[in-house]
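First up is the structure itself, then whatever we jot down about it.
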Amino acid sequence: RACAAAVTRVGAAAVAGGMPMTSNNDNMRPLSGGSNNGKDGKGGRSATPLPSLLNQVKEHAVSALDHELERLFASCDDLFFDLSSRASSNAEQNLYFESMREVRIMRAGVAKRFHQELESVFHAAVAGKLKSRNATSPEVDVSAEHLSLVQHDDLEREVAIAGMVNKANAVYQEQLYALTTRLNVVADKAGLSLSDNPLAPEHLCASFANACDTLDISIKARIIIYKQFDRLVISQLGRLYNSANTLLVSAGIMPKIRHQISKSGAATAPVSGAAAAYGAGDTVSELGDGMSFDLAELGALLEAVRSTDTTRIPNYVAYAANPGPEMPRTELLQQLHALQAARRASDENAHNASIIRALVQQILSSRSPEQPNALKQSDEDIINLVAMFFDFVLDDRNLPVAVQALISRLQIPVLKAALKDKSFFSNGHHPARRLINTLAQGAIGWEDATEVTRDALYKAMSRAAQQVLDDYADDENVFASALYPLERALEQQAKRASLIERRTNQAAEGEARTKLARSAAQAVLFEKLQKAALPSTISRFLSEDWLNALILVHLRHGEDSAQWVESCQLVDDLVWACKRHSDSRSTARLEKIKPALLERIDHALIDVINAEETRVAIIQELSTVLDQVQTDALPQDEFKPITVQQAIDLGHRPGAGTKSWKDMTALERQQAQYQELVYEFIKKVEETPTGTWVKYQVDSSGKTLTCKLSSHVSASDSYLFVNRLGFKVLEKGRKDFAYDMQRGRVQVIERGLLFDRVMNRIVGNMRNDRYAGATR
Numbered sequence: 003r004a005c006a007a008a009v010t011r012v013g014a015a016a017v018a019g020g021m022p023m024t025s026n027n028d029n030m031r032p033l034s035g036g037s038n039n040g041k042d043g044k045g046g047r048s049a050t051p052l053p054s055l056l057n058q059v060k061e062h063a064v065s066a067l068d069h070e071l072e073r074l075f076a077s078c079d080d081l082f083f084d085l086s087s088r089a090s091s092n093a094e095q096n097l098y099f100e101s102m103r104e105v106r107i108m109r110a111g112v113a114k115r116f117h118q119e120l121e122s123v124f125h126a127a128v129a130g131k132l133k134s135r136n137a138t139s140p141e142v143d144v145s146a147e148h149l150s151l152v153q154h155d156d157l158e159r160e161v162a163i164a165g166m167v168n169k170a171n172a173v174y175q176e177q178l179y180a181l182t183t184r185l186n187v188v189a190d191k192a193g194l195s196l197s198d199n200p201l202a203p204e205h206l207c208a209s210f211a212n213a214c215d216t217l218d219i220s221i222k223a224r225i226i227i228y229k230q231f232d233r234l235v236i237s238q239l240g241r242l243y244n245s246a247n248t249l250l251v252s253a254g255i256m257p258k259i260r261h262q263i264s265k266s267g268a269a270t271a272p273v274s275g276a277a278a279a280y281g282a283g284d285t286v287s288e289l290g291d292g293m294s295f296d297l298a299e300l301g302a303l304l305e306a307v308r309s310t311d312t313t314r315i316p317n318y319v320a321y322a323a324n325p326g327p328e329m330p331r332t333e334l335l336q337q338l339h340a341l342q343a344a345r346r347a348s349d350e351n352a353h354n355a356s357i358i359r360a361l362v363q364q365i366l367s368s369r370s371p372e373q374p375n376a377l378k379q380s381d382e383d384i385i386n387l388v389a390m391f392f393d394f395v396l397d398d399r400n401l402p403v404a405v406q407a408l409i410s411r412l413q414i415p416v417l418k419a420a421l422k423d424k425s426f427f428s429n430g431h432h433p434a435r436r437l438i439n440t441l442a443q444g445a446i447g448w449e450d451a452t453e454v455t456r457d458a459l460y461k462a463m464s465r466a467a468q469q470v471l472d473d474y475a476d477d478e479n480v481f482a483s484a485l486y487p488l489e490r491a492l493e494q495q496a497k498r499a500s501l502i503e504r505r506t507n508q509a510a511e512g513e514a515r516t517k518l519a520r521s522a523a524q525a526v527l528f529e530k531l532q533k534a535a536l537p538s539t540i541s542r543f544l545s546e547d548w549l550n551a552l553i554l555v556h557l558r559h560g561e562d563s564a565q566w567v568e569s570c571q572l573v574d575d576l577v578w579a580c581k582r583h584s585d586s587r588s589t590a591r592l593e594k595i596k597p598a599l600l601e602r603i604d605h606a607l608i609d610v611i612n613a614e615e616t617r618v619a620i621i622q623e624l625s626t627v628l629d630q631v632q633t634d635a636l637p638q639d640e641f642k643p644i645t646v647q648q649a650i651d652l653g654h655r656p657g658a659g660t661k662s663w664k665d666m667t668a669l670e671r672q673q674a675q676y677q678e679l680v681y682e683f684i685k686k687v688e689e690t691p692t693g694t695w696v697k698y699q700v701d702s703s704g705k706t707l708t709c710k711l712s713s714h715v716s717a718s719d720s721y722l723f724v725n726r727l728g729f730k731v732l733e734k735g736r737k738d739f740a741y742d743m744q745r746g747r748v749q750v751i752e753r754g755l756l757f758d759r760v761m762n763r764i765v766g767n768m769r770n771d772r773y774a775g776a777t778r
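Per the numbering used here, residue 3 is the first one in the sequence shown, and the count goes up by one each step.
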């Protein structure tokens with residue numbers, strides 16, 4: 003065992019040092035299960051070959067997934083190394099080292115097994131033998147009966163995979179439906195079940211999990227790899243599905259799909275499509291957490307909601323249904339530009355409302371109020387989408403009112419940009435979108451009560467908005483030119499805030515270390531002096547001067563240092579020297595240690611007391627008292643225990659302790675119950691990353707602070723919060739932070755890009771409405 007442990011430590015050290023650990027035999031472990039290139043379990047060729055087009059889809063998918071797996075393995079390597087460096091025990095460190103080495107050695111074997119699993123899934127799909135994996139059931143049964151049948155590790159594996167699958171199915175419903183429909187045509191199958199799609203998340207996740215079975219690692223490390231697979235591979239499936247759909251469409255497989263999906267994700271009766279209104283050239287954008295859409299999808303979503311009940315879209319206006327003739331887009335843009343010019347000089351507060359629908363209705367009714375002009379369906383959809391965006395912005399409580407007003411002033415320019423450029427919604431780098439996102443980013447951390455008119459950053463934001471209002475006609479570069487100085491102003495403020503925040507953290511860490519040192523010194527002195535009867539001069543010296551010396555030793559060397567042990571031992575020596583010694587041995591020892599004791603004290607006080615005459619006076623006074631003790635020159639009443647005030651100064655609180663349940667008030671009992679339940683929230687506190695912005699309710703009146711979690715001060719086990727300028731506004735201990743989180747006093751502020759975050763919400767709401775409408 004010792005030899006094996008030594009080999010393990012050497013191997014772990016080699017991995018940590020970056021030594022190559024692979025060999026020609028690294029991937030020679032047998033791969034159980036799966037098939038390769040369509041071979042059956044007996045080594046023969048599968049009886050159901052893949053159709054040529056389906057094989058192209060498979061090869062394309064394998065190539066794309068190979069690239070993502072490379073990123074996954076590199077990420078796991080870095081992650082395990084980082085976890086091992088921060089491990090709290092040798093066992094935990096060895097676990098991460100061994101997991102890192104195993105992944106390095108077996109990464110090619112895992113990739114090969116994954117390919118075999120995918121090959122097997124594709125052939126089973128063609129043969130009609132592909133079934134839904136157990137791990138992908140919508141809800142995992144965690145009843146006692148089920149737990150008794152499933153091993154704990156297997157259950158953890160099942161829950162982790164089910165979570166990935168359920169999230170992916172929800173995010174990629176539209177793309178999966180289209181791909182499943184087209185693959186059924188290619189494979190000449192009649193069903194529309196998601197489980198028939200070999201690229202469905204349930205099959206990809208199960209194939210990867212089976213491939214990971216070749217790794218000899220613990221379930222803890224395995225779950226970490228699953229999470230990385232979810233973060234780095236599953237989050238990119240939108241691209242895979244889009245490219246697979248594009249490949250099939252280019253081969254003539256169902257260029258247009260008319261469909262509707264129910265809540266469960268199963269296909270239902272088709273509804274009329276709106277993709278033709280947008281054209282085939284519209285590109286795809288991935289929003290936020292992997293959600294993707296194009297204008298054709300938006301049109302389909304809006305049409306599906308219109309076909310059921312438009313009242314489920316707040317303030318939706320059907321301009322295409324107007325009785326008058328259709329207004330060309332060019333004329334609509336001209337009219338919007340005229341309104342922009344008319345409103346640019348008006349008071350900015352007048353723009354703090356959603357005005358798009360009213361302005362468009364005004365334009366369409368300008369010729370004939372009785373028969374207002376109609377619009378093309380695609381223009382109507384864009385107008386309603388932009389209007390919904392500003393509705394959300396003006397309802398976003400995370401944005402200060404002043405910034406809501408600034409962004410709302412851009413309603414007409416943004417609408418014009420969206421109507422002019424079909425890539426507006428799909429292009430994350432569009433300057434208008436970047437300007438909106440930058441305005442929202444600059445507002446992070448602002449309090450509504452802030453006097454914004456005096457804020458330099460707010461002035462830069464206001465100038466950017468006004469420049470767009472004044473200059474934007476049809477040149478998108480106006481947004482970019484307004485954005486550049488704003489980004490510079492934001493960057494300068496961020497640098498200043500970062501510098502102040504760093505100094506704030508350093509000061510907090512120093513203060514916490516000082517408190518910790520003081521607490522340790524007080525505890526040592528109180529423990530040694532509480533039962534000792536000493537001359538008042540000695541007691542005063544230890545509880546005042548020597549306390550400061552102990553604090554300094556703790557700060558410089560720490561509690562495990564030889565210097566700290568020696569400084570604490572000096573207290574014992576001094577207490578012993580203050581006792582009357584009558585036997586010759588003790589007297590001889592005292593005569594021997596007294597000069598060295600006083601010299602040690604003098605040396606230690608050099609860093610505590612600058613004035614040499616003061617130190618000399620203290621040493622002389624201590625020497626005199628020690629002599630008086632041995633000659634009985636001090637009366638007995640001079641020997642007293644430490645006073646109450648000295649005990650308090652040493653951190654002791656008389657009467658402090660835990661009350662019994664019977665003696666507690668109702669409020670104290672409630673608080674005690676909450677403290678017992680706080681563990682779950684302590685874990686949440688520990689998992690809250692630094693840089694998280696929150697609204698923190700600081701008192702019972704409801705007053706809140708908008709602040710950022712800046713650092714975890716390890717010395718005091720507390721969490722430091724700063725404002726947007728980097729200054730400390732709040733510090734909470736771990737348990738207090740968890741308690742406040744449990745009571746709902748901490749609200750995390752969403753920090754994603756504003757445009758993408760709002761569009762995620764809008765598209766998600768429309769999809770939910772669409773699926774809900776399909777079941778009515």
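We treat Cβ as the ideally placed atom computed from N, Cα and C, and that holds for glycine.
Quick caveat: nothing in here was measured; it's all calculated off a predicted structure.
Residues near residue i by beta carbon distance below 6 Å, same chain, minus five either side
i, result
"residue 573", "530"
"residue 439", "755, 756, 757"
Cα-Cα separation between residue i and residue j, rounded to whole angstroms
i, j, result
"residue 587", "residue 630", "19 Å"
"residue 767", "residue 408", "26 Å"
"residue 636", "residue 555", "32 Å"
"residue 470", "residue 734", "43 Å"
"residue 178", "residue 64", "17 Å"
"residue 169", "residue 86", "30 Å"
"residue 125", "residue 759", "40 Å"
"residue 430", "residue 459", "24 Å"
"residue 59", "residue 762", "29 Å"
"residue 215", "residue 703", "55 Å"
"residue 564", "residue 519", "16 Å"
"residue 158", "residue 166", "13 Å"
"residue 603", "residue 634", "24 Å"
Exposure of residue i, with buried meaning 16 or more beta-carbon neighbours within 10 Å
i, result
"residue 617", "buried"
"residue 725", "buried"
"residue 728", "buried"
"residue 486", "exposed"
"residue 719", "exposed"
"residue 765", "buried"
"residue 742", "buried"
"residue 418", "buried"
"residue 710", "buried"
Own chain, CB closer than 8 Å to residue i, minus 5 neighbours either side, in chain order
i, result
"residue 220", "97, 101"
"residue 1", "The structure shown has nothing for residue 1, since the chain only spans 3 to 778."
"residue 579", "592, 595, 596, 599, 628, 631"
CA nearest to the CA of residue i, picked from the options
i, options, result
"residue 722", "756, 187, 523, 506", "506"
"residue 457", "405, 710, 508, 197", "405"
"residue 692", "361, 463, 380, 712", "712"
"residue 104", "118, 592, 76, 124", "76"
"residue 381", "423, 620, 541, 731", "423"
"residue 74", "166, 128, 232", "232"
"residue 370", "344, 388, 329", "329"
Strand pairing of residue i, partner residues [DSSP]
i, result
"residue 708", "697"
"residue 165", "Note: residue 165 sits in no beta bridge, so no partner."
"residue 54", "BP columns for residue 54 are empty, so no partner."
"residue 328", "376"
"residue 730", "724"
"residue 735", "720"
"residue 749", "697"
Neighbourhood of residue i by C-beta, 7 Å cutoff - its chain only, sequence neighbours within 5 removed
i, result
"residue 551", "569, 606, 607, 610"
"residue 641", "535, 536, 537"
"residue 747", "698, 699"
"residue 119", "36, 209, 212, 213"
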